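Residue numbers (this note's numbering), protein chains in the order written: chain A, 1 to 231; chain B, 1001 to 1231.
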DNA sequence: AGATACTGTGTGAAAATTACACCATTAAAT
DNA sequence: ATTTAATGGTGTAATTTTCACACAGTATCT
């Protein structure tokens, strides 16, 4: 009986919204498309999923092929399924986001020919993007803005060792408002998951600030029953 | 050039997790499948999306066809895309949830032959479900549990006019813990979006409680800049 | 030596959260 | 008429959290 059932194929895609933080500015990763449709347009890194890979695996592969970036923790956040969102037919897309440190060492280098190049672009003043990617970006930005206050995602955007001022300016960039320095530091430290290091900032022309690290272990212990539900 | 591009078809599905509240218990809507695969199994209401309907439209249609329920506000919450989640091939599924009042008047009556019947089942002691539907349910339950405290979703589960005790017992059912009556009432009323009615409960063999209504207008005013970000 | 630019710190007021117990009202049972 | 069972409805004090707010210290550059 099972043998009689028809067998299904499917065409759907993944799009990735990768956030980074650099020079006090929040940025996302864009590619310049080298393939129709929307050839030469700017777009989010995204492509069609293969039949034999899970959507989570596909997200990793596709991001790697288009940008050269690997091993980020991407999270699915929404699926976009308007009938005409893709000019070639019915293609829904599952959108993922990730937050990463922008790091001069990590070269952005498309592996496939589908992208001509990949680069960081500030989230303010984004140009028009291919497909419905502008909408996808907007949704992603809304999600991380809210999530910032419930999950320790800020630390994925900062270098491993960071100053409290850097952390604060990230919050300010995402929330788009000024925060009080004393209250911010008090609150962050009170959580108990920041590890104070014996090191100081270098190369600044003013008093060097202490460096801190996000301590995943302590975090896991502290929020085992609270914020972790979210995972 | 555009004319040369291949044209895509796709097979993917929608599954719905519909929560209701009755007799102090949280329930979800299940169907008994009348079609292979998983014929005779219990499952979430779900089916394949047509090529010419958006996924949001599809969710409404599918739920209606399998259960007779219409005009709920469903919200997409996750897409499930493991390679072998569907025995007939590659079928990812976009999952939606909704919260509704269980109402004796609304008959549960499948329109198509794909479901033999539709019925409410308590969320505790759920049987094994078809496909990966047990996992889908679990994810949905996690989402609404967290959302309960950020968004006014509780009122969608209660009758239009409800008592504070009913509201409290809903919170207790979802959070699975007892709450303090005085603090709960104080807090709920302090929000200012509950409208006290001149009516009282009827047909109870003890002191009748006042009835309240959720006042969407006041809610929208009060939380315009806060919780509404979430929408 | 002075200018510059940022680091790092404390206190008090206000608001929100928590813990906690008893009398009032109604319908049903006697 | 009285009692019983079940829930409705209410306040206060202690604690915790949030918020507003200002200035001296230090490294670097000139």
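Cβ coordinates follow ideal geometry from the N, Cα and C atoms, glycine included.
In this text, all values refer to a predicted model and were calculated from it rather than measured experimentally.
If you draw a 10 Å sphere on the C-beta of residue 51 of chain A, you find fewer than 16 other C-beta atoms in it, and that means exposed. In the DSSP assignment, residue 1212 of chain B falls within the unbroken beta strand (DSSP E) covering 1210-1214. Shown here for residue 1119 of chain B: same chain residues with a beta carbon closer than 7 Å to its own, the five before and five after excluded, namely 1030 and 1108 in chain order.
Membership of residue 198 of chain A in the beta strand (DSSP E) is indicated by the continuous run 194-200. For residue 88 of chain A, the C-beta contacts it makes with chain B under 8 Å involve 1005, 1006, 1007 and 1008, in order along the chain. Looking at the backbone, the Cα of residue 1035 of chain B and that of residue 173 of chain A are separated by about 53 Å. Here residue 1073 of chain B is not bridged, per DSSP, to any residue. Looking at the DSSP output, residue 1028 of chain B shares a beta bridge with B:1019 and B:1121. Non-local C-beta neighbours of residue 121 of chain A in its own chain, meaning closer than 7 Å and more than five positions away in sequence, comprise 27, 28 and 30, ordered along the chain. For the pair residue 1100 of chain B and residue 1156 of chain B, the CB atoms are nearer than the 9 Å cut-off. In this structure, DSSP gives residue 1148 of chain B a state outside helix and strand, which the three-state scheme calls coil. Going by DSSP, residue 1059 of chain B is part of the alpha helix (DSSP H) stretching over 1055-1067.
Proximity to residue 1114 of chain B across B:1190, B:1019 and B:1043 peaks at B:1043, based on C-alpha coordinates. Residues of the region 128-141 of chain A whose Cβ lies closer than 8 Å to any Cβ of chain B: none. Of the other Cβ atoms in all chains shown, fewer than 16 fall within 10 Å of the Cβ of residue 1007 of chain B; this residue is therefore exposed. Residue 1220 of chain B carries a helical assignment under DSSP once its states are collapsed to helix, strand and coil. Inclusion of residue 1037 of chain B and residue 1130 of chain B in the CB contact set at 9 Å is warranted, their separation being smaller than that value. Near chain A, meaning a CB-to-CB distance below 8 Å, the residues of the region 1009-1042 of chain B are 1009, 1010, 1011, 1012, 1036 and 1037. In the assembly as shown, residue 102 of chain A is a buried residue. Its beta-carbon has 16 or more other beta-carbons within 10 Å. With contact defined as three or more Cβ pairs closer than 8 Å, the region 47-67 of chain A and the region 140-154 of chain A are not in contact. C-alpha of residue 1194 of chain B to C-alpha of residue 135 of chain A: approximately 34 Å in a straight line. Residue range 92-101 is occupied by the beta strand (DSSP E) that includes residue 99 of chain A. The C-alpha of residue 158 of chain A lies about 48 Å from the C-alpha of residue 1159 of chain B. Going by C-alpha positions, residue 1190 of chain B is about 39 Å away from residue 1014 of chain B.
Counting the other CB atoms within 10 Å of its CB gives residue 1208 of chain B a total below 16, which places it among the exposed residues. Residues of chain A whose Cβ lies closer than 8 Å to the Cβ of residue 1079 of chain B are, in chain order, 55, 76, 79 and 94.
Rounded to whole angstroms, the gap between the alpha carbons of residue 70 of chain A and residue 111 of chain A is 12 Å. For the C-beta of residue 174 of chain A, not a single chain B residue is nearer than 9 Å; the gap to the nearest is close to 13 Å. For residue 1047 of chain B, the enclosing beta strand (DSSP E) begins and ends at 1046-1048.
Using beta-carbon distances, residue 58 of chain A counts as an interface residue toward chain B, with a partner under 9 Å. Bridge partners of residue 13 of chain A according to DSSP: A:48 and A:93.
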